[in-house]
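Since the structure comes first, as structure tokens, the remarks are kept for the end.
In structure tokens, the structure reads:
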């Protein structure tokens, strides 16, 4: 009876050890994946402007003011034209959360309030990164965001501090 009991206990201990090790490996893999996604998201997009915009750097507060439609002109007096992708677009969600520190629905709410109260306009919505690039490149005072892979010499990349 003691030998059988010892054998059962050893099997149970080994089973628990393997289960614990598997759970730890899964948790570690999940953590590494989340970090990789965060690094990927933050490293692969940029805030871009029309080449005619003189600003090369912006503070996060200025960027938030621009995308919330409160800041309406660049330092040289040129009207700011804001371009955004749809609320459901992955890039729009990442930029909203990481660069602007707001959720996309909060931006939408701010824009809707401006439009419905008659005190302002919503940004110009584009349907794709290609359209975003074309519109920013050809619209004086334009600002938006693009995946790095879509950026070319027709737009300027802003440094956000």
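Residue numbers (the working numbering): 195 to 355. For each residue, glycine too, the CB sits at the ideal point set by N, CA and C.
Can you list, in chain order, the residues of its chain with a C-beta nearer than 7 Å to that of residue i? Leave out the 5 residues immediately preceding and following it.
i           : result
residue 342 : 238, 239, 240
residue 320 : 277, 279, 326, 329
residue 302 : 281
residue 290 : 296, 297, 298, 301
Could you say which of the options lies nearest to residue i if we only look at CA atoms?
i           : options            : result
residue 295 : 261, 272, 242, 344 : 261
residue 276 : 269, 353, 333, 308 : 333
residue 271 : 317, 336, 293, 301 : 336
residue 282 : 297, 348, 316, 346 : 297
residue 269 : 246, 290, 347      : 246
Apart from the five residues just before and just after residue i, which ones in its own chain have a Cβ nearer than 8 Å to its Cβ?
i           : result
residue 323 : 279, 285, 340, 341, 344
residue 299 : 281
residue 293 : 241, 254, 257, 339, 354
residue 259 : 265
residue 316 : 263, 305, 306, 308, 309
Ordered along the chain, which non-local residues of its own chain (more than five positions away) have a Cβ less than 6 Å from that of residue i?
i           : result
residue 304 : 262
residue 349 : 242, 330, 331
residue 233 : Residue placement at residue 233 is poorly supported in this model, since its pLDDT is 46, which falls under 50; the coordinates still yield a value, given next. Hits under 6 Å: none found.
Could you check how far apart the C-beta atoms of residue i and residue j are, in whole angstroms? I think they sit under 8 Å.
i           : j           : result
residue 331 : residue 244 : 7 Å
Using a beta-carbon distance below 8 Å, is residue i in contact with chain B?
i           : result
residue 242 : Any reference to chain B falls outside this structure, which holds one protein chain only.
Query raised in the report: If we count Cβ pairs, one from each stretch, closer than 8 Å, do we get three or more for the stretch 244–256 versus the stretch 309–316?
Result: no
Query raised in the report: Which runs of the beta strand (DSSP E) fall wholly inside the stretch 270–311 and span at least 3 residues, in chain order?
Result: Unbroken beta strand (DSSP E) stretches of 3 residues or longer found wholly inside the stretch 270–311: 275–278, given in chain order.
Query - 3-residue-minimum beta strand (DSSP E) runs that sit fully inside the stretch 317–341, ordered along the chain - result: 336–341
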